[in-house]
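Protein chains in written order, with the numbering used here: chain A, 1107 to 1365; chain B, 1107 to 1365.
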């Protein structure tokens, strides 16, 4: 199995290192990851400036290709230019921090996996629920097991898995469960401060307002120490509203011009 | 009607100016937009550096608030800090270039409107199909008419409209139609070049591979000179795959630990 590994915390992070160590046991791993941290970049891509690619060594050994771009850039250039053959699987992570509920929208980790799905390559994003996580070995093991599941069952074109692993000792893990995206979101607060020159600046902070309370929802599952596995896609169409909008009669807006 | 206007091309662009001129006829408009162009930033948010907000004047008159951040940042800080009351509507645009099919994923314009939907504020993204568009008055008129439609009918919580207007003279417009997101996507090519110092760099280019061929699909609708109106949302769960994944028996991965 040819596996492309990417992340958003940067090629030097502990999470990607643990992921690579684990996936090496089941496949031929190529790392293409951002040179610098790219958290909360969403699905940004770089078009207006060029990208640089350099070789990154860890403990004197070649580890992977570092890209001066976003997670989605890494997957694009990894598949198009760096790998000689299209990978069988793309795994993004292991992210330092949850990607559940609304965080999926902002996540660079998820966007890398989504970019692979756009390119018709099966993919998975893996996150550990704490920003201060130190031990990624259990999440690495989960990544390996789920990679094997993807190889066995396949994924529909355009679908990827979003996996979140609670940052607790393995013996405290309740189990593993298929979930949907939660509705918890942030109560953003911009702290207004003054710089040393007396000018205002604003710094984003806030708390996740937890509204999810079913075990089959990603945010509640990880809170209850379950490994959460959500199938997600990138067809954003709201089909229910699409049907209801027939009553809007938008075709009448342009004096009867209509399909 | 209190309307917050944002975009991704930056506060100085022609598209946002035309939008404001048109929406002023039906409401009280507040502009909060990026100081600099932010195309293809996706749903990035700024957490690790502070934001600055400055007043932007056009022809000697106050036009709006310029933010040193992304489109989603502008909507967040606009609603949380700049506007005294939550707006009734957020309109993002008018973007210079299509946001149809896969482009919705990469779009800063759409992400601004989506951020509003996340904050439970009805919203709409508006784009004109050409990067070289000069006349945004018709798209401004469409924005005004659809804003009125949203005021009349409401939108479900979490749903926004993605509107694309063909860049053709108004008399060539075929009509206006409710659509779904297309499947057309890019055949990314990274051109490999050498800089003056002999080092390689890569520049993203490519063509949109058009696979959509039904008039009820955004990309095909605009190609046939229809104004395209797509309801989209941010629940990324793939419910069909979720049901099918029961056969994966992931709960067996952790030695029988399960819900």
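We put the CB at the ideal spot given by N, CA and C, even for glycine.
| Query | Result |
| --- | --- |
| Sheet register partners of residue 1233 of chain A (DSSP bridge) | A:1201 and A:1270 |
| Short CB-CB distance (under 7 Å) between residue 1147 of chain B and chain A | yes |
| Unbroken stretches of the alpha helix (DSSP H), 4 residues or longer, contained in the segment 1164–1196 of chain A | 1177–1183 |
| Alpha-carbon to alpha-carbon, residue 1114 of chain A and residue 1161 of chain A | 17 Å |
| Helix, strand or coil at residue 1158 of chain B according to DSSP, with G and I counted as helix | coil |
| Inside the segment 1296–1333 of chain B only - beta strand (DSSP E) runs reaching at least 3 residues | 1306–1311 |
| Best match in A:1231, A:1338, A:1349 and A:1331 for proximity to residue 1262 of chain A [C-alpha to C-alpha] | A:1338 |
| Minimum C-alpha distance to residue 1154 of chain B - residue among A:1311, A:1191, A:1216 and A:1252 | A:1311 |
| Rounded C-alpha distance that separates residue 1109 of chain B from residue 1207 of chain B | 27 Å |
| Test item: CB-CB of residue 1147 of chain A and residue 1176 of chain A under 7 Å | yes |
| Burial state of residue 1197 of chain B, where buried means 16 or more other Cβ atoms lie within 10 Å | buried |
| Beta-carbon neighbours of residue 1132 of chain A, restricted to chain B and to distances below 9 Å | Simply none; closest approach about 14 Å. |
| Start-to-end residues for the beta strand (DSSP E) that takes in residue 1136 of chain B | 1134–1140 |
| Run of the alpha helix (DSSP H) containing residue 1281 of chain A, from where it starts to where it stops | Counting along the chain, residue 1281 of chain A falls outside any alpha helix (DSSP H), though it belongs to the beta strand (DSSP E) covering 1281–1284. |
| Proximity to residue 1174 of chain B [Cα-Cα], best of B:1166, B:1185, B:1158 and B:1214 | B:1158 |
| Residue interval of the alpha helix (DSSP H) (run including residue 1216 of chain B) | 1214–1224 |
| Residues from the segment 1166–1196 of chain B in contact with chain D, defined by Cβ distance under 7 Å | The chain labelled as chain D is not found among the protein chains of the depicted structure, namely A and B. |
| Spatially closest choice to residue 1203 of chain B from B:1130, B:1187, B:1194 and B:1242, by CA coordinates | B:1242 |
| Residue-level contact to chain B via CB, residue 1287 of chain A, 7 Å cutoff | yes |
| 7 Å Cβ cutoff, residue 1364 of chain A in contact with chain B | Confidence at residue 1364 of chain A is low in this model, with a pLDDT of 48, below 50, so its placement is unreliable and no value can be given for it. |
| Short CB-CB distance (under 7 Å) between residue 1237 of chain B and chain A | no |
| Whether residue 1336 of chain A touches residue 1285 of chain A by CB criterion (7 Å) | yes |
| Exposed unless 16 or more other CB atoms sit within 10 angstroms - verdict on residue 1315 of chain B | exposed |
| Environment of residue 1296 of chain B [buried if 16+ CB atoms lie within 10 Å] | buried |
| Heavy atom of the ligand GDP within 6 Å of residue 1153 of chain B beta-carbon | What this structure holds is no ligand at all, so the ligand GDP is not there to describe. |
| Proximity to residue 1351 of chain A [Cα-Cα], best of B:1282, B:1319, B:1353 and B:1346 | B:1282 |
| From A:1260, A:1201, A:1183 and A:1217, residue whose alpha carbon lies closest to that of residue 1194 of chain A | A:1260 |
| For residue 1365 of chain A, the three-state DSSP class (helix, strand or coil) | Residue placement at residue 1365 of chain A cannot be trusted, given a pLDDT of 46 that sits under 50; what the coordinates show is reported in the next sentence. DSSP places residue 1365 of chain A in coil when its eight states are reduced to three. |
| Residue range of the unbroken alpha helix (DSSP H) whose run includes residue 1248 of chain A | 1243–1259 |
| Residues of the segment 1266–1294 of chain B whose Cβ lies closer than 7 Å to any Cβ of chain A, in chain order | 1279, 1280, 1281, 1282, 1283, 1284, 1286, 1287, 1291 and 1294 |
| Straight-line Cα distance separating residue 1151 of chain B from residue 1132 of chain B | 30 Å |
| Alpha-carbon spacing of residue 1317 of chain B relative to residue 1289 of chain B, whole angstroms | 7 Å |
| Distance between beta carbons of residue 1271 of chain A and residue 1238 of chain A, contact taken as under 8 Å | With a Cβ gap of about 14 Å, residue 1238 of chain A and residue 1271 of chain A do not count as contacting. |
| Cβ-Cβ distance between residue 1172 of chain B and residue 1141 of chain B below 7 Å | yes |
| Per-residue burial, residue 1345 of chain B [other beta carbons within 10 Å of its own, 16 or more giving buried] | exposed |
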